[in-house]
Amino acid sequence: MTLCGKFQENEVLLLVHLFICELSLALMAAALYLQGERPFVEFLFSSKTGIMFGLAILAFAVSGRVIVCQYLSHKRSPSPHFRLVVLMNLITVLLIGIMCELVVRAGSHREGDREMFANVILKPRIWQWAQPYYRELAEKSVAGQALLVYDEDLGWTVGSNKHFPYSTHKKEGPYWSSEEGLRAPKEKFLYGYDADKTDIAIVGDSFTFGDEVEYEEVWGFELDQLLGEKFRVLNFGVPGYGLDQIYLRYQADVRKWNPKVVIFGFIPHDLLRSTLVYPFASQTWQLPFSKPRFVLSDGQLTLMNRNAVPPEEIFSRRSISELPALEYDRGYRPSDWEKSWYHFSYLIRLFTSRYPPWFADNSEEELLQLNAEILKSFVRSATQAGSIPLIVYFPNRGDFDQPNSYLPLGKRMLQEAGLPYIDPTPCLLEVSPSVRFQRGGHYSPQSNVAVAKCLVDAVRELLGQPADG
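Okay, so the sequence shown: first residue is 800 according to our numbering, each after it adds one.
Right, dumping it as C-alpha coordinates:
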(Lines of atoms letter the chains of each structure in order from A and count residues from 1; the text may use other names and numbers.)
(Lines give C-alpha, C1' and ligand atoms only; values in the text may rest on other atoms or scores of the structure.)
Protein backbone atom coordinates (compact mmCIF):
# COMPACT_ATOMS: atom_id res chain seq x y z
CA MET A 1 0.00 0.00 0.00
CA THR A 2 1.37 3.44 -0.89
CA LEU A 3 1.68 6.35 1.52
CA CYS A 4 -1.39 8.05 0.14
CA GLY A 5 -3.50 5.19 -1.24
CA LYS A 6 -6.43 6.55 -3.23
CA PHE A 7 -6.00 10.06 -1.98
CA GLN A 8 -8.10 12.75 -3.66
CA GLU A 9 -7.07 16.37 -3.94
CA ASN A 10 -9.19 18.63 -1.74
CA GLU A 11 -8.47 22.34 -1.41
CA VAL A 12 -10.25 22.82 1.92
CA LEU A 13 -8.54 19.78 3.43
CA LEU A 14 -5.18 21.06 2.20
CA LEU A 15 -5.74 24.52 3.69
CA VAL A 16 -6.78 23.10 7.07
CA HIS A 17 -3.75 20.83 7.29
CA LEU A 18 -1.38 23.60 6.22
CA PHE A 19 -2.60 25.63 9.20
CA ILE A 20 -2.34 22.60 11.51
CA CYS A 21 1.20 21.91 10.31
CA GLU A 22 2.30 25.52 10.89
CA LEU A 23 0.63 25.65 14.28
CA SER A 24 2.36 22.38 15.22
CA LEU A 25 5.74 23.81 14.24
CA ALA A 26 5.09 26.91 16.36
CA LEU A 27 4.06 24.77 19.35
CA MET A 28 7.15 22.56 18.98
CA ALA A 29 9.42 25.61 18.87
CA ALA A 30 7.69 27.11 21.92
CA ALA A 31 7.91 23.82 23.84
CA LEU A 32 11.62 23.42 23.09
CA TYR A 33 12.18 26.99 24.29
CA LEU A 34 10.26 26.32 27.50
CA GLN A 35 12.26 23.13 28.08
CA GLY A 36 15.13 25.30 29.28
CA GLU A 37 17.63 23.39 31.42
CA ARG A 38 15.40 20.36 31.92
CA PRO A 39 16.74 17.01 30.55
CA PHE A 40 14.87 16.09 27.36
CA VAL A 41 13.52 12.75 28.59
CA GLU A 42 12.23 14.33 31.80
CA PHE A 43 10.80 17.21 29.79
CA LEU A 44 9.04 14.88 27.35
CA PHE A 45 7.43 12.49 29.81
CA SER A 46 6.88 14.44 33.03
CA SER A 47 5.75 17.93 32.06
CA LYS A 48 2.70 19.46 30.41
CA THR A 49 4.99 21.24 27.99
CA GLY A 50 6.55 17.91 26.99
CA ILE A 51 3.09 16.42 26.41
CA MET A 52 2.25 19.43 24.26
CA PHE A 53 5.47 18.84 22.32
CA GLY A 54 4.56 15.18 21.72
CA LEU A 55 1.03 16.04 20.57
CA ALA A 56 2.43 18.74 18.27
CA ILE A 57 4.77 16.18 16.69
CA LEU A 58 1.83 13.82 16.16
CA ALA A 59 -0.30 16.57 14.62
CA PHE A 60 2.63 17.62 12.43
CA ALA A 61 3.13 14.05 11.20
CA VAL A 62 -0.55 13.58 10.35
CA SER A 63 -0.87 16.95 8.65
CA GLY A 64 2.45 16.49 6.89
CA ARG A 65 1.23 13.20 5.42
CA VAL A 66 -1.93 14.88 4.13
CA ILE A 67 0.05 17.76 2.61
CA VAL A 68 2.52 15.38 0.93
CA CYS A 69 -0.32 13.33 -0.50
CA GLN A 70 -2.04 16.45 -1.78
CA TYR A 71 1.21 17.53 -3.38
CA LEU A 72 1.72 14.13 -5.07
CA SER A 73 -1.85 14.21 -6.31
CA HIS A 74 -1.19 17.67 -7.72
CA LYS A 75 1.95 16.40 -9.48
CA ARG A 76 -0.02 13.60 -11.15
CA SER A 77 -2.88 15.85 -12.16
CA PRO A 78 -1.78 19.49 -12.01
CA SER A 79 -4.43 21.80 -10.58
CA PRO A 80 -4.35 25.60 -10.61
CA HIS A 81 -5.96 25.59 -7.17
CA PHE A 82 -3.06 23.89 -5.38
CA ARG A 83 -0.62 26.76 -5.64
CA LEU A 84 -3.41 29.24 -4.95
CA VAL A 85 -4.32 27.46 -1.71
CA VAL A 86 -0.68 27.34 -0.59
CA LEU A 87 -0.21 31.03 -1.44
CA MET A 88 -3.43 31.97 0.37
CA ASN A 89 -2.24 30.06 3.43
CA LEU A 90 1.13 31.79 3.47
CA ILE A 91 -0.42 35.24 3.03
CA THR A 92 -2.97 34.56 5.79
CA VAL A 93 -0.32 33.37 8.25
CA LEU A 94 1.88 36.35 7.39
CA LEU A 95 -0.99 38.82 7.86
CA ILE A 96 -1.98 37.27 11.20
CA GLY A 97 1.63 37.48 12.37
CA ILE A 98 1.96 41.10 11.25
CA MET A 99 -1.33 42.07 12.90
CA CYS A 100 -0.33 40.44 16.21
CA GLU A 101 3.07 42.11 16.03
CA LEU A 102 1.48 45.51 15.41
CA VAL A 103 -1.00 45.04 18.26
CA VAL A 104 1.79 44.24 20.73
CA ARG A 105 3.96 47.10 19.47
CA ALA A 106 1.06 49.57 19.67
CA GLY A 107 0.05 48.33 23.12
CA SER A 108 3.54 48.45 24.58
CA HIS A 109 4.53 51.43 26.68
CA ARG A 110 7.37 52.54 28.89
CA GLU A 111 6.91 52.62 32.66
CA GLY A 112 9.95 53.91 34.48
CA ASP A 113 12.89 51.70 33.61
CA ARG A 114 10.89 49.01 31.80
CA GLU A 115 8.75 48.41 28.74
CA MET A 116 5.33 46.91 29.43
CA PHE A 117 2.51 45.23 27.55
CA ALA A 118 -0.55 45.03 29.80
CA ASN A 119 1.01 43.84 33.09
CA VAL A 120 3.92 41.97 31.48
CA ILE A 121 7.44 43.40 31.67
CA LEU A 122 9.01 42.87 28.26
CA LYS A 123 12.48 41.38 28.08
CA PRO A 124 15.18 42.35 27.64
CA ARG A 125 15.28 45.13 30.18
CA ILE A 126 17.55 47.97 29.17
CA TRP A 127 20.28 49.14 31.54
CA GLN A 128 20.50 52.50 29.76
CA TRP A 129 16.87 53.08 30.74
CA ALA A 130 17.42 51.95 34.31
CA GLN A 131 20.34 54.30 34.93
CA PRO A 132 18.58 57.69 34.55
CA TYR A 133 15.36 56.41 36.13
CA TYR A 134 16.99 55.16 39.33
CA ARG A 135 19.43 58.08 39.47
CA GLU A 136 16.40 60.37 39.62
CA LEU A 137 14.84 58.31 42.44
CA ALA A 138 18.13 58.37 44.34
CA GLU A 139 18.47 62.13 43.86
CA LYS A 140 14.96 62.64 45.27
CA SER A 141 15.98 60.60 48.29
CA VAL A 142 19.11 62.71 48.83
CA ALA A 143 17.07 65.90 48.40
CA GLY A 144 14.67 64.83 51.14
CA GLN A 145 11.77 64.12 48.75
CA ALA A 146 11.41 60.45 49.72
CA LEU A 147 10.69 58.50 52.88
CA LEU A 148 13.53 56.03 52.36
CA VAL A 149 17.21 57.00 52.35
CA TYR A 150 20.44 55.15 51.61
CA ASP A 151 22.06 53.46 54.59
CA GLU A 152 25.48 51.85 54.33
CA ASP A 153 24.70 49.10 56.83
CA LEU A 154 21.06 48.37 55.97
CA GLY A 155 20.87 49.31 52.29
CA TRP A 156 18.09 51.78 53.00
CA THR A 157 16.07 52.90 55.97
CA VAL A 158 13.37 55.37 57.00
CA GLY A 159 14.99 58.78 57.06
CA SER A 160 14.91 61.21 59.96
CA ASN A 161 12.05 63.74 59.97
CA LYS A 162 10.67 62.67 56.61
CA HIS A 163 7.29 63.39 55.12
CA PHE A 164 5.97 61.37 52.22
CA PRO A 165 2.44 61.35 50.78
CA TYR A 166 0.51 58.15 50.22
CA SER A 167 -2.84 57.57 48.59
CA THR A 168 -5.52 54.91 48.54
CA HIS A 169 -8.68 54.71 46.49
CA LYS A 170 -10.53 56.53 49.29
CA LYS A 171 -8.20 59.10 50.76
CA GLU A 172 -4.76 60.66 50.82
CA GLY A 173 -2.44 61.42 53.68
CA PRO A 174 1.16 61.66 54.80
CA TYR A 175 3.69 59.27 56.24
CA TRP A 176 5.72 61.01 58.93
CA SER A 177 8.97 59.82 60.46
CA SER A 178 10.41 60.91 63.79
CA GLU A 179 13.84 62.37 64.42
CA GLU A 180 14.99 58.81 65.19
CA GLY A 181 13.64 57.43 61.89
CA LEU A 182 10.54 55.71 63.31
CA ARG A 183 7.01 56.02 62.02
CA ALA A 184 5.48 59.02 63.74
CA PRO A 185 2.07 60.71 64.12
CA LYS A 186 3.24 64.15 62.98
CA GLU A 187 6.21 66.12 61.73
CA LYS A 188 9.33 66.82 63.80
CA PHE A 189 8.30 64.23 66.34
CA LEU A 190 10.78 63.00 68.95
CA TYR A 191 10.17 59.81 70.90
CA GLY A 192 13.22 59.96 73.13
CA TYR A 193 13.54 58.10 76.42
CA ASP A 194 10.46 57.87 78.63
CA ALA A 195 11.14 56.41 82.09
CA ASP A 196 7.41 56.17 82.83
CA LYS A 197 6.69 53.79 79.97
CA THR A 198 7.72 50.25 79.05
CA ASP A 199 8.78 50.04 75.42
CA ILE A 200 7.60 47.42 72.95
CA ALA A 201 9.46 47.60 69.64
CA ILE A 202 7.95 46.34 66.40
CA VAL A 203 10.29 45.71 63.48
CA GLY A 204 9.46 44.43 60.03
CA ASP A 205 8.59 45.49 56.50
CA SER A 206 5.75 47.60 55.05
CA PHE A 207 3.12 45.46 56.85
CA THR A 208 4.69 46.58 60.12
CA PHE A 209 5.39 50.14 59.00
CA GLY A 210 1.75 50.38 57.89
CA ASP A 211 1.73 51.15 54.18
CA GLU A 212 -1.52 52.54 52.77
CA VAL A 213 -2.99 53.52 56.13
CA GLU A 214 -2.65 56.46 58.49
CA TYR A 215 -0.53 56.33 61.62
CA GLU A 216 -3.60 55.86 63.84
CA GLU A 217 -4.71 52.89 61.67
CA VAL A 218 -1.49 50.86 61.91
CA TRP A 219 -1.66 47.70 64.05
CA GLY A 220 1.25 49.00 66.11
CA PHE A 221 -0.76 52.05 67.16
CA GLU A 222 -3.82 49.89 67.84
CA LEU A 223 -1.68 47.61 70.02
CA ASP A 224 -0.35 50.65 71.86
CA GLN A 225 -3.91 51.73 72.66
CA LEU A 226 -4.94 48.26 73.82
CA LEU A 227 -1.95 47.92 76.16
CA GLY A 228 -2.63 51.18 77.93
CA GLU A 229 -0.70 54.27 78.96
CA LYS A 230 2.04 52.40 80.85
CA PHE A 231 3.37 51.00 77.59
CA ARG A 232 4.70 52.49 74.39
CA VAL A 233 4.87 50.76 70.99
CA LEU A 234 7.74 51.99 68.79
CA ASN A 235 7.38 51.30 65.06
CA PHE A 236 10.75 50.46 63.45
CA GLY A 237 9.18 48.98 60.30
CA VAL A 238 10.82 49.79 56.96
CA PRO A 239 9.05 49.18 53.63
CA GLY A 240 10.75 46.67 51.35
CA TYR A 241 12.76 44.82 53.99
CA GLY A 242 13.46 41.10 53.95
CA LEU A 243 14.17 39.02 57.05
CA ASP A 244 17.86 39.84 56.75
CA GLN A 245 17.35 43.60 56.87
CA ILE A 246 14.74 43.30 59.61
CA TYR A 247 17.33 41.50 61.72
CA LEU A 248 20.03 44.04 60.84
CA ARG A 249 17.62 46.88 61.66
CA TYR A 250 17.09 45.31 65.08
CA GLN A 251 20.85 45.08 65.63
CA ALA A 252 21.59 48.61 64.43
CA ASP A 253 18.62 50.63 65.68
CA VAL A 254 16.27 48.69 67.97
CA ARG A 255 18.57 46.92 70.40
CA LYS A 256 19.96 50.12 71.90
CA TRP A 257 16.46 51.16 73.01
CA ASN A 258 16.36 48.13 75.35
CA PRO A 259 12.70 47.34 74.68
CA LYS A 260 10.95 44.88 76.97
CA VAL A 261 9.43 43.03 73.99
CA VAL A 262 10.54 42.98 70.35
CA ILE A 263 7.93 41.90 67.79
CA PHE A 264 9.55 40.65 64.56
CA GLY A 265 6.91 40.58 61.80
CA PHE A 266 7.31 39.29 58.27
CA ILE A 267 5.30 38.24 55.20
CA PRO A 268 5.99 35.24 52.90
CA HIS A 269 7.81 37.32 50.26
CA ASP A 270 10.34 38.51 52.84
CA LEU A 271 12.04 35.10 52.67
CA LEU A 272 12.92 35.69 49.02
CA ARG A 273 14.00 39.26 49.72
CA SER A 274 16.72 37.84 51.97
CA THR A 275 18.35 36.36 48.85
CA LEU A 276 18.56 39.63 46.90
CA VAL A 277 21.32 42.21 46.61
CA TYR A 278 19.87 44.62 44.03
CA PRO A 279 16.07 44.89 44.34
CA PHE A 280 15.70 46.61 40.96
CA ALA A 281 17.26 43.59 39.22
CA SER A 282 14.14 41.57 39.96
CA GLN A 283 10.86 42.38 38.24
CA THR A 284 8.79 43.33 41.28
CA TRP A 285 10.82 46.09 42.95
CA GLN A 286 11.76 49.60 41.96
CA LEU A 287 14.15 50.76 44.67
CA PRO A 288 17.42 52.52 43.71
CA PHE A 289 19.43 50.80 46.44
CA SER A 290 21.50 47.70 47.06
CA LYS A 291 21.35 45.70 50.26
CA PRO A 292 23.48 43.42 52.42
CA ARG A 293 23.07 39.70 51.80
CA PHE A 294 23.63 36.85 54.24
CA VAL A 295 24.91 33.51 52.98
CA LEU A 296 25.38 30.31 54.95
CA SER A 297 28.95 29.10 55.36
CA ASP A 298 29.27 25.87 57.35
CA GLY A 299 25.90 26.64 58.91
CA GLN A 300 26.99 30.13 59.99
CA LEU A 301 25.72 33.46 58.67
CA THR A 302 28.27 35.38 56.62
CA LEU A 303 27.39 38.90 55.47
CA MET A 304 28.16 39.78 51.85
CA ASN A 305 27.95 43.30 50.40
CA ARG A 306 28.43 44.42 54.00
CA ASN A 307 28.78 48.06 53.01
CA ALA A 308 25.86 48.47 50.61
CA VAL A 309 26.90 50.00 47.28
CA PRO A 310 25.56 53.58 47.13
CA PRO A 311 23.17 54.46 44.28
CA GLU A 312 25.57 56.86 42.57
CA GLU A 313 28.11 54.08 42.24
CA ILE A 314 25.55 51.49 41.12
CA PHE A 315 24.20 53.51 38.24
CA SER A 316 27.56 54.76 37.03
CA ARG A 317 28.43 51.22 35.84
CA ARG A 318 28.34 50.64 32.09
CA SER A 319 26.46 47.38 32.47
CA ILE A 320 24.45 45.68 35.19
CA SER A 321 26.83 42.73 34.90
CA GLU A 322 29.61 44.91 36.38
CA LEU A 323 27.88 45.27 39.75
CA PRO A 324 29.72 43.72 42.71
CA ALA A 325 28.19 40.73 44.55
CA LEU A 326 25.72 40.22 41.70
CA GLU A 327 26.37 36.49 41.81
CA TYR A 328 24.66 36.37 45.22
CA ASP A 329 21.46 37.96 43.92
CA ARG A 330 18.85 35.27 43.40
CA GLY A 331 16.49 37.69 41.64
CA TYR A 332 19.00 38.53 38.91
CA ARG A 333 18.69 36.62 35.63
CA PRO A 334 21.20 37.54 32.92
CA SER A 335 18.60 36.60 30.28
CA ASP A 336 16.36 39.40 31.60
CA TRP A 337 18.92 41.95 30.46
CA GLU A 338 20.67 40.31 27.48
CA LYS A 339 19.45 41.03 23.97
CA SER A 340 19.00 38.05 21.62
CA TRP A 341 18.45 37.91 17.87
CA TYR A 342 14.74 37.14 18.23
CA HIS A 343 14.06 40.26 20.29
CA PHE A 344 13.43 42.18 17.06
CA SER A 345 9.86 40.91 17.37
CA TYR A 346 7.63 42.35 20.08
CA LEU A 347 5.36 39.33 19.76
CA ILE A 348 8.23 36.96 20.56
CA ARG A 349 9.37 39.27 23.36
CA LEU A 350 5.89 39.09 24.87
CA PHE A 351 5.86 35.29 24.73
CA THR A 352 9.36 34.84 26.16
CA SER A 353 8.63 37.40 28.90
CA ARG A 354 5.30 35.88 29.85
CA TYR A 355 6.56 32.30 29.69
CA PRO A 356 10.22 32.02 30.77
CA PRO A 357 12.11 28.75 30.15
CA TRP A 358 12.43 26.21 32.91
CA PHE A 359 15.57 26.39 35.03
CA ALA A 360 16.78 24.21 37.86
CA ASP A 361 15.96 25.83 41.20
CA ASN A 362 17.36 23.71 43.96
CA SER A 363 17.54 26.54 46.45
CA GLU A 364 14.30 26.08 48.40
CA GLU A 365 16.03 24.24 51.22
CA GLU A 366 18.80 26.83 51.23
CA LEU A 367 16.13 29.53 51.37
CA LEU A 368 14.51 27.88 54.39
CA GLN A 369 17.82 27.27 56.17
CA LEU A 370 19.08 30.81 55.56
CA ASN A 371 15.97 32.54 56.87
CA ALA A 372 15.64 30.13 59.80
CA GLU A 373 19.20 30.95 60.84
CA ILE A 374 18.47 34.68 60.54
CA LEU A 375 15.47 34.32 62.85
CA LYS A 376 17.42 32.17 65.30
CA SER A 377 20.13 34.83 65.38
CA PHE A 378 17.50 37.48 66.11
CA VAL A 379 16.04 35.42 68.97
CA ARG A 380 19.51 34.87 70.47
CA SER A 381 20.46 38.52 70.13
CA ALA A 382 17.23 39.84 71.63
CA THR A 383 17.38 37.37 74.50
CA GLN A 384 21.00 38.25 75.25
CA ALA A 385 20.03 41.94 75.29
CA GLY A 386 17.35 41.28 77.89
CA SER A 387 14.39 41.66 75.52
CA ILE A 388 11.63 39.13 74.91
CA PRO A 389 11.42 38.19 71.20
CA LEU A 390 8.05 37.52 69.56
CA ILE A 391 7.84 36.36 65.93
CA VAL A 392 4.69 37.10 63.93
CA TYR A 393 3.89 35.62 60.52
CA PHE A 394 1.70 37.98 58.50
CA PRO A 395 -0.32 36.23 55.77
CA ASN A 396 -0.59 38.13 52.52
CA ARG A 397 -3.49 38.19 50.07
CA GLY A 398 -2.31 35.04 48.27
CA ASP A 399 -2.43 32.97 51.47
CA PHE A 400 -6.20 33.41 51.68
CA ASP A 401 -6.69 31.92 48.20
CA GLN A 402 -5.14 28.57 49.17
CA PRO A 403 -6.85 25.38 50.41
CA ASN A 404 -6.88 24.64 54.14
CA SER A 405 -4.15 22.01 53.67
CA TYR A 406 -1.75 24.59 52.22
CA LEU A 407 1.32 25.35 54.34
CA PRO A 408 3.03 28.61 53.32
CA LEU A 409 6.80 28.49 52.98
CA GLY A 410 7.24 30.97 55.83
CA LYS A 411 5.24 28.87 58.28
CA ARG A 412 7.00 25.72 57.10
CA MET A 413 10.33 27.40 57.82
CA LEU A 414 9.21 28.38 61.32
CA GLN A 415 7.87 24.93 62.12
CA GLU A 416 10.92 23.07 60.81
CA ALA A 417 13.20 25.42 62.77
CA GLY A 418 11.16 24.88 65.94
CA LEU A 419 10.55 28.61 66.34
CA PRO A 420 7.37 29.64 68.19
CA TYR A 421 5.32 32.28 66.40
CA ILE A 422 1.91 33.90 66.18
CA ASP A 423 -0.22 33.70 63.04
CA PRO A 424 -3.07 36.25 63.02
CA THR A 425 -4.88 34.48 60.16
CA PRO A 426 -7.87 33.44 62.34
CA CYS A 427 -8.42 37.07 63.35
CA LEU A 428 -8.05 38.29 59.76
CA LEU A 429 -10.61 35.74 58.58
CA GLU A 430 -13.16 37.61 60.68
CA VAL A 431 -12.62 40.66 58.45
CA SER A 432 -14.75 40.70 55.29
CA PRO A 433 -12.64 39.75 52.23
CA SER A 434 -13.90 42.87 50.45
CA VAL A 435 -12.17 45.14 53.00
CA ARG A 436 -9.36 42.90 54.20
CA PHE A 437 -6.67 44.44 51.99
CA GLN A 438 -5.98 47.84 50.50
CA ARG A 439 -5.62 48.26 46.76
CA GLY A 440 -1.84 47.92 46.97
CA GLY A 441 -2.05 44.64 48.88
CA HIS A 442 -1.42 45.86 52.43
CA TYR A 443 -3.72 45.42 55.39
CA SER A 444 -6.75 47.68 55.59
CA PRO A 445 -7.58 49.66 58.75
CA GLN A 446 -9.99 46.87 59.73
CA SER A 447 -7.29 44.22 59.28
CA ASN A 448 -4.79 46.25 61.29
CA VAL A 449 -7.29 46.34 64.17
CA ALA A 450 -7.76 42.57 63.86
CA VAL A 451 -3.99 41.98 63.99
CA ALA A 452 -3.62 44.13 67.11
CA LYS A 453 -6.43 42.27 68.87
CA CYS A 454 -4.82 38.99 67.88
CA LEU A 455 -1.48 40.00 69.41
CA VAL A 456 -2.47 41.86 72.54
CA ASP A 457 -3.04 38.87 74.85
CA ALA A 458 0.28 37.28 73.85
CA VAL A 459 2.10 40.57 74.48
CA ARG A 460 0.35 41.04 77.83
CA GLU A 461 1.41 37.54 78.84
CA LEU A 462 5.04 38.35 77.96
CA LEU A 463 4.76 41.54 79.99
CA GLY A 464 3.30 39.68 82.95
CA GLN A 465 -0.04 41.42 82.59
CA PRO A 466 -3.47 39.75 82.84
CA ALA A 467 -4.96 38.78 79.47
CA ASP A 468 -7.99 41.01 79.96
CA GLY A 469 -5.79 44.07 80.54
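Yeah, the Cβ is synthetic: ideal placement off N, Cα and C, and Gly gets one too.
Computed from a predicted model, the values in this text were never measured in an experiment.
In this structure, the alpha-carbon of Val957 lies about 32 Å from that of Gly1217. Per DSSP, Tyr949 is one residue of the beta strand (DSSP E) stretching across Leu947 to Asp950. If you check the CB distance, Leu989 and Leu1174 do not come in under 8 Å. For Ala1000, the uninterrupted beta strand (DSSP E) run begins and ends at Thr997 to Val1002, by DSSP. The alpha-carbon of Thr1101 is positioned some 39 Å away from that of His1142.
Between Ser1073 and Gly1039, the C-beta spacing is not below 8 Å.
The three-state secondary structure of Asn1034, taken from DSSP, is strand. In this structure, Gly1009 places its C-beta atom within 8 Å of the C-beta atom of Val1017. By the Cβ criterion, the region 1058 to 1068 is in contact with the region 991 to 1000, since at least three pairs of Cβ atoms, one from each stretch, lie closer than 8 Å. Put simply, the region 1229 to 1242 does not touch the region 1201 to 1218. Fewer than three CB pairs are less than 8 Å apart.
Per DSSP, Arg909 lies in no alpha helix (DSSP H); the unbroken beta strand (DSSP E) holding it starts and ends at Ser907 to Glu910. With a threshold of 16 other beta carbon atoms within 10 Å, Pro1232 falls short and is exposed. Straight-line spacing of the CA atoms in Leu1022 and Glu1011 works out to 18 Å.
Leu953 places its beta carbon less than 8 Å from that of Gln1044. With contacts defined as CB atoms closer than 8 Å, Pro973 and Pro964 qualify as a contacting pair.
Bounds of the alpha helix (DSSP H) holding Gly863 are Lys847 to Arg875.
Per DSSP, Met887 has no beta bridge partner at all.
Between Glu978 and the set Ser1162, Lys996, Phe1035 and Trp928, the nearest pair of CA atoms involves Phe1035. In this structure, Ser1089 lies near Val1076, with their beta-carbon atoms less than 8 Å apart.
DSSP places Leu1189 within a strand segment (E or B) once states are collapsed to three. Per DSSP, the beta bridge partners of Phe916 are Ser907 and Val919. Taking every protein chain shown into account, the CB of Gly1098 has fewer than 16 other CB atoms within 10 angstroms, so this residue is exposed. Shortest Cα-Cα distance from Arg904 to any of Ile890, Gly911, Leu921 and Asp912 involves Leu921. Contact check for Trp1136 against Pro931 fails: the beta carbons are separated by 8 Å or more. Per DSSP, reduced to three states, the secondary structure at Ser1231 is coil, with no helix or strand assignment.
Beta-bridge analysis with DSSP links Gly1064 to Val1191.
The DSSP-derived three-state label of Gln1085 is coil.
Here Pro931 carries a helix assignment [DSSP, helix/strand/coil]. Excluding five sequence positions before and after Glu1215, the CB atoms of its chain that fall closer than 8 Å to its own CB belong to Leu1167 and Ala1171, given in chain order. Within its own chain, the residues whose Cβ lies closer than 8 Å to the Cβ of Val919, once the five positions on either side in sequence are excluded, are Leu1149, Ser1152 and Arg1153, listed in chain order.
If only complete runs of 4 or more residues are kept, the region 1077 to 1125 shows the alpha helix (DSSP H) at 1110 to 1113, in order along the chain. If you keep only unbroken alpha helix (DSSP H) runs of at least 4 residues inside the region 1202 to 1230, you get 1208 to 1216 and 1224 to 1227. Counting of Cβ neighbours within 10 angstroms places Met1212 among the buried residues, the total reaching 16 or more. Bridge partners of Pro973 according to DSSP: Pro964. With a cut-off of 8 Å on Cβ pairs, the region 1121 to 1138 is not in contact with the region 891 to 899, counting fewer than three such pairs. Phe1236 carries a strand assignment under DSSP once its states are collapsed to helix, strand and coil.
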